[in-house]
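Read in order, the letters of the sequence shown correspond to residues 0 to 77 in numbering that gives the first Met the number 0. All residues carry an ideal CB built from backbone N, CA and C; glycine is no exception.
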Amino acid sequence: MSMQGKGLGNDVRKLTDAFGTIKSMDAVVPVKRGNIEVLVRLRTVAKPAEDVAVLLAHVGLRLPSRSKTVQIVVEKNS
């Protein structure tokens with residue numbers, strides 16, 4: 000469905016600029032387990048401004064409501 004069909008008008012730049020204000024971040028923390036040190040990554044998304052949240056709802060998109068742990072594969076030494 001088009002932007003106009005969703006009630007968002009037809010100004011694509013305005014819409015993409017609004018979505019560009021959404022911030023996400025990966026926090027990387029080194030964790031030591033015995034002799035092995037691994038990196039734990041925690042991905043988080045900031046709560047958007049109210050007007051951007053309304054745009055997301057109109058488009059049918061949802062941001063994650065809690066942090067997501069990103070699995071990292073660590074090679075084992077023989």
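Beta-carbon separation (whole angstroms), residue i vs residue j, contact threshold 8 Å
| i | j | result |
| --- | --- | --- |
| Val44 | Pro63 | 6 Å |
Backbone CA spacing between residue i and residue j [nearest angstrom]
| i | j | result |
| --- | --- | --- |
| Leu55 | Arg42 | 20 Å |
| Lys46 | Asn34 | 38 Å |
| Thr15 | Asp25 | 22 Å |
| Asp10 | Gly19 | 15 Å |
| Ala48 | Lys13 | 15 Å |
| Ser23 | Leu60 | 15 Å |
| Val53 | Ile21 | 13 Å |
Proximity of residue i and residue j at Cβ, strictly below 8 Å
| i | j | result |
| --- | --- | --- |
| Glu17 | Val58 | The sequence given here places Ala at residue 17; Glu does not occur at that position. No, they are not a contact pair. |
| Val37 | Val30 | yes |
Sheet register partners of residue i (DSSP bridge)
| i | result |
| --- | --- |
| Ala26 | Leu41 |
| Glu36 | Lys31 |
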